[in-house]
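Q: Sequence order for the protein chains is A and B.
FYI, our numbering numbers position 384 of the first sequence as 390, with every residue one higher than the one before it.
FYI, our numbering numbers position 60 of the second sequence as 62, with every residue one higher than the one before it.
One structure is given below, represented as structure tokens, and several questions about it will come after.
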Amino acid sequence: MKRVKKGTLALSSLLLSLSLVAAGCSGGNGNEAKNNQPANDAQASTNGEKALEPYEVVMVYPDGKQNDLGVVQDAMNDYLKTTYPALNMTVKLNPIDWSAYSDKTNLMMSSGQKFDLIWTANWMNFDAQVNKGGLLPLDDLLSQYGPDIEAVEGKFHDGARRSGKIYGVHVHQELGNPQGIAISKSLVDKYKLDLSGLKSGEFKDLEPILKTIKDNEPSITPAVGPAFPLGAYYGSGSTANIVGPVGLDLRDTDPNNTYKVVNTYETPRYMELAKLTREWFKAGYINKDATTPGVDIWKKFQAGTAFAAIGSDLDILAGTEIGAAQLMPSKTSSVGSDVIQVPLNIDRLQTTKLAATMQGISQTSEDPERAMMLLNLFYRDAKLLTLFNFGVDGTHYVLKDGQIALPDGKTQESVGFYHDIMWQIGNQMLNYTRVGEDPNKYKNYEEFNKKVASNPSPILGFVFDSEPVKNELIAVSKVQSTFDPGLQSGQLDPEVEVPKMIEKLKGAGIDKIVAEAQKQLDAWRAANGK
Amino acid sequence: MQMDQPITASSGKVRTKSAHPFRKLMKYHALWILALPGILLLLVNNYLPMFGIFLAFKSLNFSKGIWGSEWVGFDNFKFLFMTNDIWRIIANTVLYNLVFIVINTALSVLLALLLNEVKNKLFSKFIQSSMLLPHFISMVVVAYLVFGFLNPDLGFINKSILEPSGHEAVSWYMSPTYWPYILIIVNSWKSVGFGSIIYLATIIGIDKEYYEAAMIDGAGKWKQMTKITVPFLIPIMIILTLLSIGRIFNADFGLFYQVTMNSGMLKDVTEVIDTYVYNALLVSGDTDLASSAGLLQSVIGFILVVSVNLLVKRISSDKALF
Chain A
7 MKRVKKGTLA LSSLLLSLSL VAAGCSGGNG NEAKNNQPAN DAQASTNGEK
57 ALEPYEVVMV YPDGKQNDLG VVQDAMNDYL KTTYPALNMT VKLNPIDWSA
107 YSDKTNLMMS SGQKFDLIWT ANWMNFDAQV NKGGLLPLDD LLSQYGPDIE
157 AVEGKFHDGA RRSGKIYGVH VHQELGNPQG IAISKSLVDK YKLDLSGLKS
207 GEFKDLEPIL KTIKDNEPSI TPAVGPAFPL GAYYGSGSTA NIVGPVGLDL
257 RDTDPNNTYK VVNTYETPRY MELAKLTREW FKAGYINKDA TTPGVDIWKK
307 FQAGTAFAAI GSDLDILAGT EIGAAQLMPS KTSSVGSDVI QVPLNIDRLQ
357 TTKLAATMQG ISQTSEDPER AMMLLNLFYR DAKLLTLFNF GVDGTHYVLK
407 DGQIALPDGK TQESVGFYHD IMWQIGNQML NYTRVGEDPN KYKNYEEFNK
457 KVASNPSPIL GFVFDSEPVK NELIAVSKVQ STFDPGLQSG QLDPEVEVPK
507 MIEKLKGAGI DKIVAEAQKQ LDAWRAANGK
Chain B
3 MQMDQPITAS SGKVRTKSAH PFRKLMKYHA LWILALPGIL LLLVNNYLPM
53 FGIFLAFKSL NFSKGIWGSE WVGFDNFKFL FMTNDIWRII ANTVLYNLVF
103 IVINTALSVL LALLLNEVKN KLFSKFIQSS MLLPHFISMV VVAYLVFGFL
153 NPDLGFINKS ILEPSGHEAV SWYMSPTYWP YILIIVNSWK SVGFGSIIYL
203 ATIIGIDKEY YEAAMIDGAG KWKQMTKITV PFLIPIMIIL TLLSIGRIFN
253 ADFGLFYQVT MNSGMLKDVT EVIDTYVYNA LLVSGDTDLA SSAGLLQSVI
303 GFILVVSVNL LVKRISSDKA LF
């Protein structure tokens, strides 16, 4: 060994140490997305008689890069200064890229960084943030500084309530969605298909229509997804979910069972829809690549190789109701040919939906009162909302017949400030619509909300505390992720696979989750007199 | 290799050296300065975070801070053992890594031996560079390269190989049987080039006199290879293998998550500890779990390295890592 040349030794040890260093680097956290926040001089108020000290409210939310962020921020601060001098506050916009949002906010919270308003959601760590003490309870702040929030969202705080306290403010928006099918109009016209049978709201009544297409158009897939009846439709239409696959079976008509918590995979409805999907798959109605990652079903519409998308979320239109066939504006414009939507289900008002997009206040905020005052403005001041959502008038948008349009010669990329994040903050109903959208979009939302609110889930207001069964939930979700795609796309035979899955779910501790949910639900019913 | 030199050196020499550590430091100051950035990097990247180990036993609460948070004992580890699949997941992790170690070492050495015989310098350099290239490609990109091959509708294998030859197209992302092979191929493709360069560097350094002597004694190419080259490679093979064994409980997340596109139907053969922990975090959003899983992996890796090293030492003491 001593005969190995020195230089070689040095070279190989250098290579070795290089690879070690490389390994060390890759082990670290590579997510160092930069926030593009231009330096902002806090505009200290010169007015000495104000009761409030100047304060900068830092807003954290997920968004892509906006070149003109600083311009918009200055405009918002000018506006706040001239319109609400008494509040004596400035904002600092701190958007974080989507891909890094979860990591980065987690890091900001655990390192105790100062920020005030943070966008959060039950699908974006809201529960973990509350459990870990990252968010402040808002009840007192709301009653004192949030009158305009209370006016529109006062009834809908249940989704954000944990152990009796409110930790998030729900964005005022649609309270649910219609789900159903979207179909290509040209084929409906060609074969004079009768859609009136869908008034039943049952997917199985779609079968003769799919058969017609299958028989006559060999190059067209009658139904494309990844979202099939079991995906989008089953949950909301047949169950009231509590956590994961655990919830109430709303199709169980036995009055004694109204509040009986079950594993929803064991309900007859699940098996019925799974079998239907399986039959469709075997009959060749369903695309074979449904579970392939990255499948874009709307591209298939564009290419003219798809007839129906089933189980997807639909547009909220004037007169949206089950079985009502209407032109679907959003997809018609993106696909480039007419698409008809037929809702087969309309969401009930569910607690979880009310936590799907919220603003919370960080426990590191130095002035939570001021943060709440600003948040309240987003629920009353359309001008402030417009600045945040669309930028500066004339620079980033122009108004055409009361709708938002890009200034002449500008594109979404070149305009410097363009995003669609109206759903992240404030009262959406105060917003402008964009050119191309239904000018009555928000009026339709209001109408639709009435419909949804009139059909509340029997357990509206009940929030499950998942902490006692968090390990079981992880195990259960692992089983789900193994079976769901195959069952939802009809590739697995439900009569063989569903019993297997149920067996595995039991092994993962689903019975413990059911029991815990039942216990908490009974306690909630006793406390609320249900 | 170098490490055993002080042992073989005369003991008197060692004593004089250790008597003046400061003088020694001064003597090698240039080398120390050279090493400084690396040491700092190691310290910041690998040693500083060790301070956080105790977080694995705490339930972190942001408002109470790191020190004020509650101790929860081994609660954070429970989730790992909640699933009845945990043993299969561990088996997947370890077995894949073992296969990777064996195949990658064998292929790297083989390639290095072959490359050494390529006499055209330009050609040899070209092959080395192109073999090294995959090492620098992100797994996300690799995933889409694989997707280009395996896409059920438009993929190269279905469209250009199976269908023209009259076979039925395969839904790759739904067929678990193929994936152990796919993963092994992708992994080898990505890592063999880098490994072979390390071995090649060693081979080039072997004194030519050995070969000349062997040739005079009438040894052919094969004999030279098996009796001279390979024995010289064994120490570095052992070092590299020991290092990989230390990470045998850490799967290559990119390979098992990105390349499989996290497809649920493949989970039986593709789920490893790292992807399981990641998916668990997606469900719970609880970072304490990640720190506990990381700690467990490191501790087991540490135990493995030390024990395998002991084993090597027992068999042949001067080939052990430490």
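Cβ atoms here follow ideal geometry from the backbone N, Cα and C, with glycine treated the same way.
In this text, all values refer to a predicted model and were calculated from it rather than measured experimentally.
Nearest chain B C-beta to glutamate 375 (chain A) closer than 8 Å, yes or no?
A: no
Q: Within this structure, are the beta carbons of proline 182 (chain B) and aspartate 270 (chain B) separated by less than 8 Å?
A: no
Q: One question on the structure: do alanine 296 (chain A) and glycine 366 (chain A) come within less than 8 Å of each other, judged by their Cβ atoms?
A: Against a cut-off of 8 Å, the Cβ pair of glycine 366 (chain A) and alanine 296 (chain A) comes out as no contact.
Q: Tell me, please, whether the CB atom of leucine 62 (chain B) is closer than 8 Å to any CB atom in chain A?
A: Answer yes: the Cβ-Cβ gap between leucine 62 (chain B) and chain A drops below 8 Å somewhere.
Q: When DSSP labels each residue in this structure, what does tyrosine 107 (chain A) get in the three-state scheme?
A: helix
Q: Just list the residues that DSSP pairs glutamate 72 (chain B) with in beta bridges.
A: B:Ser61
Q: Alpha carbon to alpha carbon, how far is histidine 22 (chain B) from isoleucine 305 (chain B)?
A: 34 Å
Q: Please identify, using Cβ separations under 8 Å, the residues of the stretch 77-100 of chain B that lie next to chain A, in order along the chain.
A: Taking a C-beta cut-off of 8 Å against chain A, the contacting residues of the stretch 77-100 of chain B are Lys80, Phe81, Met84, Thr85, Asn86 and Asp87, listed in chain order.
Q: Count the other C-beta atoms from every protein chain shown that fall within 10 angstroms of the C-beta of glycine 168 (chain B), then say buried if there are 16 or more, exposed otherwise.
A: It counts as exposed.
Q: For methionine 227 (chain B), which option in B:Ile241, B:Lys210, B:Thr243 and B:Phe81 has the closest C-alpha, if you only look at C-alpha atoms?
A: Answer by Cα proximity: B:Lys210.
Q: Quick one, which of A:Val63, A:Leu93 and A:His163 has its alpha-carbon nearest glutamine 356 (chain A)'s?
A: Minimum Cα-Cα distance from glutamine 356 (chain A) among the listed residues A:Val63, A:Leu93 and A:His163 corresponds to A:His163.
Q: For glutamine 418 (chain A), is the classification buried or exposed, using 16 other Cβ atoms within 10 angstroms of its Cβ as the cut-off for buried?
A: The residue is exposed, with fewer than 16 neighbouring Cβ atoms inside 10 Å.
Q: Hey, alanine 134 (chain A) and aspartate 288 (chain B): beta-carbon distance below 8 Å or not?
A: In this structure, aspartate 288 (chain B) lies closer than 8 Å to alanine 134 (chain A) by Cβ.
Q: Would you please verify whether the beta carbon of methionine 227 (chain B) is less than 8 Å from any beta carbon of chain A?
A: no
Q: Closer than 8 Å, CB to CB, is asparagine 46 (chain A) near chain B or not?
A: A caution first: asparagine 46 (chain A) carries a pLDDT of 36, below 50, which makes its placement in the model unreliable, though a value can still be read off. For asparagine 46 (chain A), the answer is no, since every Cβ of chain B falls outside 8 Å of its Cβ.
Q: Given 8 Å as the limit, is there contact between the stretch 83-103 of chain A and the stretch 251-259 of chain B, that is, 3 or more CB pairs closer than that?
A: Segments in contact, no.
Q: Is it buried or exposed for tyrosine 291 (chain A), if we count other Cβ within 10 angstroms and need 16 for buried?
A: The residue is buried, with at least 16 neighbouring Cβ atoms inside 10 Å.
Q: Check tryptophan 174 (chain B) in the structure and name its three-state DSSP category.
A: helix
Q: Exposed or buried, lysine 8 (chain A), counting other C-beta atoms within 10 Å across all chains shown (16 or more means buried)?
A: Confidence at lysine 8 (chain A) is low in this model, with a pLDDT of 44, below 50, so its placement is unreliable and no value can be given for it.
Q: With distances taken Cα to Cα, identify the nearest neighbour of glycine 76 (chain A) among A:Tyr67, A:Ala233, A:Gly243 and A:Val97.
A: Proximity to glycine 76 (chain A) across A:Tyr67, A:Ala233, A:Gly243 and A:Val97 peaks at A:Val97, based on C-alpha coordinates.
Q: Give me, in chain order, the residues of the same chain whose beta-carbon lies closer than 6 Å to that of tyrosine 197 (chain A); leave out the 5 immediate sequence neighbours on both sides.
A: Thr218
Q: Under the DSSP definition of a beta bridge, which residues are partnered with serine 318 (chain A)?
A: A:Gly186
Q: Please report whether the beta-carbon of asparagine 118 (chain B) lies at a distance below 8 Å from any beta-carbon of chain A.
A: no
Q: By the criterion of Cβ-Cβ separation under 8 Å, what are the contact partners of methionine 115 (chain A) in chain B?
A: Phe64, listed in chain order.
Q: Measuring only between beta-carbons, confirm whether proline 143 (chain A) sits less than 8 Å from chain B.
A: no
Q: Output the distance between the C-alpha atoms of asparagine 189 (chain B) and asparagine 293 (chain A), rounded to the nearest integer angstrom.
A: 31 Å
Q: Using a C-beta to C-beta distance shorter than 9 Å, which residues of chain A count as neighbours of proline 154 (chain B)?
A: By Cβ distance, chain A contributes Lys294, Asp295 and Thr298.
Q: Please go through the stretch 397-470 of chain A and give each complete beta strand (DSSP E) segment of 3 or more residues, from N-terminal end onward.
A: Whole beta strand (DSSP E) segments, 3+ residues: 404-406 and 409-411.
Q: Take isoleucine 186 (chain B) as the anchor and find which of B:Ala114, B:Ile91 and B:Val101 has the nearest alpha-carbon.
A: B:Val101
Q: If the criterion is Cβ atoms closer than 8 Å, does the pair alanine 166 (chain A) and leucine 360 (chain A) meet it?
A: A distance below 8 Å separates the beta carbons of alanine 166 (chain A) and leucine 360 (chain A).
Q: Per the contact definition of three or more C-beta pairs closer than 8 Å, is the stretch 318-331 of chain A in contact with the stretch 343-355 of chain A?
A: yes
Q: Closer than 8 Å by C-beta to valine 314 (chain B): which residues in its own chain qualify, once you throw out the five before and the five after it? Chain order, please.
A: Ile240, Leu244, Lys321, Ala322 and Leu323
Q: Would tyrosine 173 (chain A) be called buried (16 or more neighbouring beta carbons within 10 Å of its own) or exposed?
A: buried
Q: Quick check: does the Cβ of valine 314 (chain B) come within less than 7 Å of any heavy atom belonging to the ligand ATP?
A: For the structure depicted, the ligand ATP is absent and the ligand set is empty, with no information on it obtainable.
Q: Check whether the Cβ of lysine 138 (chain A) lies closer than 8 Å to any Cβ atom in chain B.
A: yes
Q: If we call anything under 8 Å between Cβ atoms a contact, is threonine 363 (chain A) one with alanine 127 (chain A)?
A: yes
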